[in-house]
Amino acid sequence: MADSGTLTEIIPAEFGGAAEKIPFEYKADGKELCIATPEPDRTLHNMMYNPNYLTMLDQGNCGMAKHMSPAGRNCKIVQNDRFVYVRDAESGEYFSVGFAPVYKDYERYECRNGQNYQVVENVTDGIEAVWRIYVPAGEDPVEVWDVRLRNVGDRTRKMQLFTYVPMNCDGEDLYCGELHRIAEYLPEQRAIFVCMDAPRYLEGVDLPWHNGFMAVNRNPDGWDASLGAVIGSRRTTQNPLAVEQGKCSNSKCAMFSPVGTLQIEMELAAGAQDEVRFMIGACDAVPMIDKLTAKYLSAGSLESDVHFDALLKVENDRAANLQVKTPDEVLNNMINVWSPKQIDYGVVWTRWGFKGYRDIIQQCQGAVIQQPEAALDQLLKACAHQYESGFGLRGWHPIDDLRYADSSQWMIGAFSEYLAETGDFQTLEKTVPFFDQGEASVYEHLRRSLLRLREDRGAHDLNLVFYGDWNDSLTGVCREGRGESVWLSMAFCRSCLILADIAEHIGKADDAAEYRLWQKEMAAAINEHAWDGNWYICALDDDANAIGSQQNDEGKIFLNMQSWAQLGKVVPEDRWEQSWSSVGQMLDSGWGLMLNWPAYTKYVHNVGRLSSIRPGAAENASVYTHGNAFMLLALLERGMADEAYELWNAVQPGNPERPVLNQPNVFFNGYYGPDSENRVGMGEHSWTTGSVPWMYQCVTEHMLGVRRTLGGLVIKPCLPSAWETASVQRIYRGTTYDIRIANPAKKAGSAVASITVDGQPHDASQPLPIDGEKHTVEVVLEA
Numbered sequence: 002m003a004d005s006g007t008l009t010e011i012i013p014a015e016f017g018g019a020a021e022k023i024p025f026e027y028k029a030d031g032k033e034l035c036i037a038t039p040e041p042d043r044t045l046h047n048m049m050y051n052p053n054y055l056t057m058l059d060q061g062n063c064g065m066a067k068h069m070s071p072a073g074r075n076c077k078i079v080q081n082d083r084f085v086y087v088r089d090a091e092s093g094e095y096f097s098v099g100f101a102p103v104y105k106d107y108e109r110y111e112c113r114n115g116q117n118y119q120v121v122e123n124v125t126d127g128i129e130a131v132w133r134i135y136v137p138a139g140e141d142p143v144e145v146w147d148v149r150l151r152n153v154g155d156r157t158r159k160m161q162l163f164t165y166v167p168m169n170c171d172g173e174d175l176y177c178g179e180l181h182r183i184a185e186y187l188p189e190q191r192a193i194f195v196c197m198d199a200p201r202y203l204e205g206v207d208l209p210w211h212n213g214f215m216a217v218n219r220n221p222d223g224w225d226a227s228l229g230a231v232i233g234s235r236r237t238t239q240n241p242l243a244v245e246q247g248k249c250s251n252s253k254c255a256m257f258s259p260v261g262t263l264q265i266e267m268e269l270a271a272g273a274q275d276e277v278r279f280m281i282g283a284c285d286a287v288p289m290i291d292k293l294t295a296k297y298l299s300a301g302s303l304e305s306d307v308h309f310d311a312l313l314k315v316e317n318d319r320a321a322n323l324q325v326k327t328p329d330e331v332l333n334n335m336i337n338v339w340s341p342k343q344i345d346y347g348v349v350w351t352r353w354g355f356k357g358y359r360d361i362i363q364q365c366q367g368a369v370i371q372q373p374e375a376a377l378d379q380l381l382k383a384c385a386h387q388y389e390s391g392f393g394l395r396g397w398h399p400i401d402d403l404r405y406a407d408s409s410q411w412m413i414g415a416f417s418e419y420l421a422e423t424g425d426f427q428t429l430e431k432t433v434p435f436f437d438q439g440e441a442s443v444y445e446h447l448r449r450s451l452l453r454l455r456e457d458r459g460a461h462d463l464n465l466v467f468y469g470d471w472n473d474s475l476t477g478v479c480r481e482g483r484g485e486s487v488w489l490s491m492a493f494c495r496s497c498l499i500l501a502d503i504a505e506h507i508g509k510a511d512d513a514a515e516y517r518l519w520q521k522e523m524a525a526a527i528n529e530h531a532w533d534g535n536w537y538i539c540a541l542d543d544d545a546n547a548i549g550s551q552q553n554d555e556g557k558i559f560l561n562m563q564s565w566a567q568l569g570k571v572v573p574e575d576r577w578e579q580s581w582s583s584v585g586q587m588l589d590s591g592w593g594l595m596l597n598w599p600a601y602t603k604y605v606h607n608v609g610r611l612s613s614i615r616p617g618a619a620e621n622a623s624v625y626t627h628g629n630a631f632m633l634l635a636l637l638e639r640g641m642a643d644e645a646y647e648l649w650n651a652v653q654p655g656n657p658e659r660p661v662l663n664q665p666n667v668f669f670n671g672y673y674g675p676d677s678e679n680r681v682g683m684g685e686h687s688w689t690t691g692s693v694p695w696m697y698q699c700v701t702e703h704m705l706g707v708r709r710t711l712g713g714l715v716i717k718p719c720l721p722s723a724w725e726t727a728s729v730q731r732i733y734r735g736t737t738y739d740i741r742i743a744n745p746a747k748k749a750g751s752a753v754a755s756i757t758v759d760g761q762p763h764d765a766s767q768p769l770p771i772d773g774e775k776h777t778v779e780v781v782l783e784a
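The sequence shown maps to residues 2 to 784 in the working numbering.
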């Protein structure tokens, strides 16, 4: 495989190869990620949301917005574009605050990516424009804009603002639904109202919440609700007619392409500034616009806003239960600030509103530290989307019942984390309905997850894969119902051990013994049928042909089977050494581990969709963050602290060795691998990845070793040799711990030599005291 220097040379300029890399910078104690260009290597994304509203912005404040209706429907309010044009009324010159779509040369540009807010500052032609967007805390389905212009020149300027927000409000896929839509300006509300009027004609269709609006806190000097009137004939957003002419036409829009365009006039003396506030949102009817504008537009500015202050408090308080300090500031910032935020996004919105079963469950196992109630709510919903047979849906919102065999078993690990965090074992007795028929306790839901996998085994006693397992694209393995998944069999082993611990803790010793026996039997079957000489294979197809084997031309080795062999306690010591060596030789890109190798370049019938994905993309030999997170945990479980820390640094999003400079504050789903034709190292899908809770737990629970268990909090660090000290502030079950860890020999993976609690010796094998008080915990590792 090529080295990283060679990879950089083959990337075209549009993907960062020859372009100048503009570095990111953290401000506001790491809570703002800033970049001084509107054209970074890879588009910056910021997810701003509350339970009812989501805005996804790029570095120019451009992007879509969605509303989650009371019925759980995912309804788009803003299409994709959102622009603010600034025009000199005398010269006719204009620019766009977010750089696009006018692309006029600027004197200074900065985007500040904050938590649930974003600020763009642009100085062009002697005018400083500041444009802040935020989604307030709470549940109001709105976003608030503050736009300020300041004249930095030495003469009076007459300026104009024009907003441009396409608002189809087309959340429902209705046949000719646009025929029912009207958009017009409401002078009393100072708002453009987009009304999906279908309920007037269609019985029983939940449409009222698909209405949208854009309001302003002063009387506009013009408006347009018709996109065609704003753009004009044969023009684009780069030269819209209304902006070029300096005047809106006060149009309404029946049916096609509504837009929120509001015109504001400002006269600015030298050094003077003026500011205007807008709001975009979803509503059921006009009275709701009145209520929301009274709340958000009656007061507030860039300098003083109670709603923005309330938002900052919510964001600052999110990670209060766990704060870390290590010699690695990049790691500190990810763990203390951004990963808790990304986990929260995963719990609330998951994948842009689609509730993937395994996705949301894994987010919950990270969220239990900060939001145990919200995590439990989603986990109980997952139980309710499980069939009586034990099979879990692939997702809900919308319902997806493709038979991916792994879904429901993920609940076992997530519920274990919830129980270990809260001690709320009564939850196991709660009755939850099945998706099809009947109901059972939470514990029985978890048990049936195992029973389903226990029964669904093939000729080699490994788990049948059906349509796919964790790897969504392994769709060809089990076309005739006989293909077996090695990863799923290993995951079954891990789930058996986890549920055995839960059963033992609640007095179900016979169940615990049964689950442990199942694990031993499955581990034996895996070692008999899935070892390929130097690593574990991926699967056996309907005819028992191996996938992920030395005998294959492509896709010889897969990453997840090597890590989960450890996580499921399947792998003997000698085989671990061989497997890990093979991973290093074949899967290491230099900036993270590839999911498989070599990349598939031609379709393979018994592999399926995976083999037709472009090389280096998605599951086909990309550096997939989730797979790296699993291996990170496996290394830490084995005490391989330096190897784990090296892997963390390789896969963390800000790794400077990666050929493309990606935004460093959130984990990506993965990175295009070395075999990608034109995007090597570029991040795939920021924000939307189930890897974040795994990475978070790897650092907090295993590297730093402040580990929750069913019986309480124990300390078992696995520090890298580069760290001489580390500390953790932890609130756990109402008790506060100030934990200081010393590694005087700077030895990797050193075991605990001593622990004191408030100066008194403490047995390292026992949980820390839980008494609602504050405790100082001193941990010294062996020299």
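The C-beta atom is built at its ideal place from N, Cα and C for all residues, glycine as well.
As the structure is a prediction and not an experimental result, all values here were calculated from the model.
Inclusion of residue 392 and residue 290 in the CB contact set at 7 Å is not warranted, their separation being larger than that value. The region 222-235 and the region 145-152 do not touch, with fewer than three beta-carbon pairs separated by less than 8 Å. Residue burial annotation: residue 125 is buried, with at least 16 other C-beta atoms found within 10 angstroms of its C-beta.
Every unbroken stretch of the alpha helix (DSSP H) spanning 4 or more residues and falling wholly within the region 198-286 is given here in chain order: 228-232, 242-246. The alpha-carbon of residue 765 is positioned some 11 Å away from that of residue 779.
Taking a C-beta distance under 7 Å as the contact criterion, residue 750 and residue 640 qualify as a contact pair. Our two residues, residue 329 and residue 187, have alpha carbons roughly 54 Å apart in a direct line. Taken in chain order, the complete alpha helix (DSSP H) segments of 4 or more residues contained in the region 562-596 are 574-587. The straight-line gap separating the alpha-carbon atoms of residue 767 and residue 704 is approximately 19 Å. The beta carbon of residue 356 is closer than 6 Å to those of 396, 397, 398 in its chain, skipping five residues each way along the sequence. When the Cα atoms are used, residue 484 and residue 551 turn out to be separated by approximately 19 Å. Taking all protein chains shown into account, residue 446 has 16 or more neighbouring C-beta atoms within 10 Å of its C-beta and is therefore buried. Residue 375 and residue 586 have their C-alpha atoms spaced approximately 42 Å apart. A buried status is given to residue 99, since no fewer than 16 other beta-carbon atoms sit within 10 Å of its beta-carbon.
In the three-state scheme derived from DSSP, where H, G and I count as helix and E and B as strand, residue 538 is classed as coil.
Assignment of beta-bridge partners to residue 467 by DSSP yields 405. DSSP places residue 123 inside the beta strand (DSSP E), whose first and last residues are 118-125.
If the five residues before and after residue 694 are omitted, its C-beta is found closer than 7 Å to the C-beta atoms of 344, 363, 364, 366, 367, all from its own chain and listed in chain order. Between residue 360 and residue 73, the CB-CB gap reaches or exceeds 7 Å. Residues 271 of the same chain have their beta carbon placed closer than 7 Å to that of residue 155, with the five preceding and five following residues left out of the count. Where residue 63 is concerned, there is no enclosing alpha helix (DSSP H), because DSSP gives it neither an H nor an E. C-alpha of residue 737 to C-alpha of residue 774: approximately 6 Å in a straight line. Scanning its chain for C-beta atoms nearer than 7 Å, with the 5 sequence neighbours on each side dropped, one finds around residue 655 the residues 331, 665, in chain order. Taking C-alpha positions only, residue 105 is separated from residue 134 by approximately 22 Å. Per DSSP, reduced to three states, the secondary structure at residue 515 is helical. CA-CA distance, residue 234 to residue 256, rounds to 18 Å. If you look at residue 389, you'll find it isn't in any beta strand (DSSP E); DSSP assigns it neither H nor E.
In the structure shown, the three-state DSSP call for residue 696 is helix. Residue 417 sits away from residue 432, with the two beta carbons spaced by 7 Å or more. Non-local C-beta neighbours of residue 772 in its own chain, meaning closer than 8 Å and more than five positions away in sequence, comprise 736, ordered along the chain.
The three-state secondary structure of residue 732, taken from DSSP, is strand. Excluding sequence positions up to five before and after residue 65, its CB lies within less than 7 Å of the CB of 57, 77, 79, 80, 81, all in the same chain and listed in chain order.
For the 7 Å CB-CB criterion, residue 584 and residue 491 do not form a contact. Annotation for residue 341: the continuous alpha helix (DSSP H) segment containing it runs 340-349. Its Cα nearest to that of residue 754, the residue 718 stands out among 776, 674, 718, 313.
Counting along the chain, the unbroken alpha helix (DSSP H) around residue 646 starts and ends at 642-652.
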